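Sequential numbering of the sequence shown, starting at 3, is according to this note's numbering.
Glycine included, each C-beta is placed from N, C-alpha and C at the ideal position.
The structure displayed is predicted, hence computed values, not measured ones.
Down below is the structure, laid out as structure tokens.
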Amino acid sequence: MLIPARGIFGTFANRIIQIGGHWGRVRRFNMSDSDDFFFDVLEDRQYTLEHLWLQLIDEKEGTVKVGMSEFIRADYGDVVRVILPHPQDASEFVIDEEATDDDGEEESKPAPAVAGDEIGIGELLVTIRTVQDRILINSPFPCKVLELNGEVEDNADFANDDAYGDGWFLIVKPHEFEEDQFLNSTEYIQYLDEILRESL
């Protein structure tokens, strides 16, 4: 039984949606099959047509945190692997001196991309492997990579369990970024509605 929080309700293809529920989220409930699955669309993010979320985290510095919308998991199934961009030049890899394996031996695992790596518009930004498919998502803007979330690469459950929190992918500094060139939560809802109606 669904006991919703306060909000505005409507139909979403064969789903029930709630806008403006707990924590300022847009909540959606998939009622299309016996296993109810819900996913959230946060109101404080912008969204791409490829189902990435973008969050401006420092307006002065122009830094943006990037992750995946929970819709990817709802549509493609659980994420089993996240592959983030790495530098082409192997000399840019560094060894984490404090990393050890289960035997207490030092690991020689390379660190992910270092600050300063550039990604052009349309270049591969992230690969998401799910139980159903492999999704290649290109960068929506030219940017400099500032930080990668190595934890989500090591453990895809972060993307499954907390896509808008600990499951973020990377922090970048776009060279061209205007929030209004992407979808706000309401526009993203409308976009998802169109996708689902076309698939019926």
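Per DSSP, what kind of secondary structure is residue i in: helix, strand or coil?
i      : result
Ile123 : coil
Thr65  : strand
Asn157 : coil
Phe40  : strand
Arg199 : helix
Arg47  : coil
Asp60  : strand
Asn151 : coil
Thr13  : Because the pLDDT of Thr13 is 39, which lies under 50, any placement of that residue in the model is unreliable, and the number read from its coordinates should be weighed accordingly. If DSSP states are grouped into helix, strand and coil, Thr13 belongs with the strands.
Leu194 : helix
Asn186 : coil
Alpha carbon to alpha carbon, how far is residue j from residue i? Give it in angstroms, no decimals.
i      : j      : result
Leu194 : Asp168 : 24 Å
Gln57  : Leu185 : 12 Å
Asp182 : Asn157 : 33 Å
Ile173 : Ala165 : 14 Å
Ile123 : Phe179 : 11 Å
Leu54  : Ile197 : 15 Å
Gly64  : Glu72  : 25 Å
Lys62  : Lys175 : 11 Å
Arg199 : Ile191 : 12 Å
Residues in its own chain within less than 6 Å of residue i by CB, not counting five upstream and five downstream?
i      : result
His177 : Pro144
Glu149 : Ile173
Can you tell me the Cβ-Cβ gap for residue i and residue j, rounded? I've got them flagged as a contact below 8 Å.
i     : j     : result
Ile74 : Val66 : Going by Cβ atoms, the distance from Ile74 to Val66 rounds to 19 Å, so no, they are not a contact pair.
Leaving out five residues before and five after residue i in sequence, what residues of the same chain have Cβ atoms less than 8 Å from its Cβ?
i      : result
Glu120 : Pro144, Cys145, Lys146, Val147
Leu126 : Pro87, Leu138, Ile139, Asn140, Ser141
Glu189 : Tyr49
Asp163 : Gly169
Might you give, ordered along the chain, the residues of its own chain that have their beta carbon closer than 7 Å to the beta carbon of residue i, omitting 5 neighbours on each side?
i      : result
Ala161 : Met70, Val81, Val84, Val154, Gly169
Asp135 : Tyr78
Asn151 : Trp170, Phe171, Leu172
Validate contact between the stretch 39-50 and the stretch 121-138 using beta carbons, cut 8 Å, 3 pairs = Contact between the stretch 39-50 and the stretch 121-138 is absent, because fewer than three Cβ pairs lie under 8 Å.
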